[in-house]
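Structure record follows, encoded as structure tokens.
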Amino acid sequence: GENVEQHPSTLSVQEGDSAVIKCTYSDSASNYFPWYKQELGKRPQLIIDIRSNVGEKKDQRIAVTLNKTAKHFSLHITETQPEDSAVYFCAAREGSNYKLTFGKGTLLTVNP
Amino acid sequence: EADIYQTPRYLVIGTGKKITLECSQTMGHDKMYWYQQDPGMELHLIHYSYGVNSTEKGDLSSESTVSRIRTEHFPLTLESARPSHTSQYLCASTPGPSNTGELFFGEGSRLTVL
Numbered sequence: 280g281e282n283v284e285q286h287p288s289t290l291s292v293q294e295g296d297s298a299v300i301k302c303t304y305s306d307s308a309s310n311y312f313p314w315y316k317q318e319l320g321k322r323p324q325l326i327i328d329i330r331s332n333v334g335e336k337k338d339q340r341i342a343v344t345l346n347k348t349a350k351h352f353s354l355h356i357t358e359t360q361p362e363d364s365a366v367y368f369c370a371a372r373e374g375s376n377y378k379l380t381f382g383k384g385t386l387l388t389v390n391p
Numbered sequence: 289e290a291d292i293y294q295t296p297r298y299l300v301i302g303t304g305k306k307i308t309l310e311c312s313q314t315m316g317h318d319k320m321y322w323y324q325q326d327p328g329m330e331l332h333l334i335h336y337s338y339g340v341n342s343t344e345k346g347d348l349s350s351e352s353t354v355s356r357i358r359t360e361h362f363p364l365t366l367e368s369a370r371p372s373h374t375s376q377y378l379c380a381s382t383p384g385p386s387n388t389g390e391l392f393f394g395e396g397s398r399l400t401v402l
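From first to last, the protein sequence lines stand for chains A and B. Each residue of the first sequence is one higher than the one before, counting from 280 in the working numbering. Each residue of the second sequence is one higher than the one before, counting from 289 in the working numbering.
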């Protein structure tokens with residue numbers, strides 16, 4: 280089955296700085312890579328996703344890049360704000376299998 | 289409003305009790321999932337269902353059981369709760385083949401077994 284590694288487990292940045300979270304996956308058949316944000320006491324919510332036929336996707340201050348050859352993908356948050364503080368999860372889904380395998384999560388803290 | 293609902297949100301029970309965590313979604317999704325989230329944040333898939341009368345065990349072994357008699361309803365049952373079952377349980381759903389793949393989560397049920 281799929282195995283997703285996520286780094287770092289914790290990340291602390293100053294407001295306005297950029298934050299980068301990296302993930303690797305093991306199954307070359309995986310073709311869908313979402314990122315979820317979970318604020319304290321709240322449910323995880325999708326913030327951005329990318330499919331295997333795309334190398335990069337942006338949505339305002341967040342972007343995701345995918346390197347299929349190396350089997351890794353990254354989340355980039357620019358101009359971080361205190362409200363970006365949360366746990367971020369990467370995930371991978373293989374082919375037509377509708378199970379998502381999640382990384383262990385990254386606790387991002389943005390200091391004002 | 290279309291959403292995914294979990295009850296109870298919080299539950300404290302004694303060892304040996306039987307409990308059922310309810311999950312209902314009003315989005316017409318055919319695929320539903322149960323995740324266990326430990327204090328260290330990690331999400332573990334414990335059960336999933338791709339439709340009525342279809343249930344499968346997930347990647348993390350669990351003593352719980354599930355049923356899927358109606359599309360919108362996916363309850364999880366623990367026959368005899370133990371302190372090791374203390375955790376947050378998140379229900380999720382996603383629509384059929386022509387979808388974006390987004391997983392929609394409920395707000396979770398936080399279970400404490402004394």
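All residues carry an ideal CB built from backbone N, CA and C; glycine is no exception.
Nearest residue (CA-CA) to residue i, options the options
{"i": "K383/A", "options": "E367/B, S355/B, H373/B, P327/B", "result": "P327/B"}
{"i": "E395/B", "options": "S349/B, W322/B, Y338/B", "result": "W322/B"}
{"i": "V300/B", "options": "T353/B, A290/B, P371/B, G346/B", "result": "P371/B"}
{"i": "T359/A", "options": "E281/A, T388/A, S305/A", "result": "T388/A"}
{"i": "K347/A", "options": "E362/A, E335/A, S331/A, R340/A", "result": "S331/A"}
{"i": "I341/A", "options": "V333/A, P361/A, K350/A, L354/A", "result": "L354/A"}
{"i": "I357/B", "options": "H373/B, S375/B, Y338/B", "result": "Y338/B"}
{"i": "L402/B", "options": "T382/B, T314/B, H373/B", "result": "H373/B"}
{"i": "E330/B", "options": "G334/A, E284/A, S291/A", "result": "E284/A"}
Residue-level contact to chain B via CB, residue i, 8 Å cutoff
{"i": "F352/A", "result": "no"}
{"i": "Y311/A", "result": "yes"}
{"i": "D306/A", "result": "no"}
{"i": "D338/A", "result": "no"}
{"i": "D328/A", "result": "yes"}
{"i": "P393/A", "result": "Given a span of 280 to 391 for chain A in the structure shown, any question on residue 393/A remains unanswerable."}
{"i": "V333/A", "result": "no"}
Which residues DSSP lists as bridging residue i, in chain order
{"i": "V355/A", "result": "Note that residue 355/A is His in the sequence shown, not Val. Answer by DSSP bridge pairing, in chain order: V299/A, A342/A."}
{"i": "D404/A", "result": "Because residue 404/A is not part of the residues shown, which for chain A are 280 to 391, the question remains open."}
{"i": "I292/B", "result": "Q313/B"}
{"i": "E373/A", "result": "S309/A"}
{"i": "L399/B", "result": "L299/B, S375/B"}
Contact check, residue i vs residue j, beta carbons under 8 Å
{"i": "K316/A", "j": "A365/A", "result": "yes"}
{"i": "A369/B", "j": "I292/B", "result": "no"}
{"i": "H361/B", "j": "S397/B", "result": "no"}
{"i": "D328/A", "j": "Y311/A", "result": "yes"}
{"i": "A380/B", "j": "L366/B", "result": "no"}
{"i": "L309/B", "j": "L364/B", "result": "yes"}
{"i": "E373/A", "j": "A298/A", "result": "no"}
Minimum Cβ-Cβ distance from residue i to chain A less than 8 Å
{"i": "T374/B", "result": "no"}
{"i": "Y293/B", "result": "no"}
Close Cβ partners of residue i (< 6 Å) along its chain, the five nearest in sequence each way excluded
{"i": "I334/B", "result": "W322, Q324, G346, L348, S350"}
{"i": "N282/A", "result": "S305"}
{"i": "H351/A", "result": "T303"}
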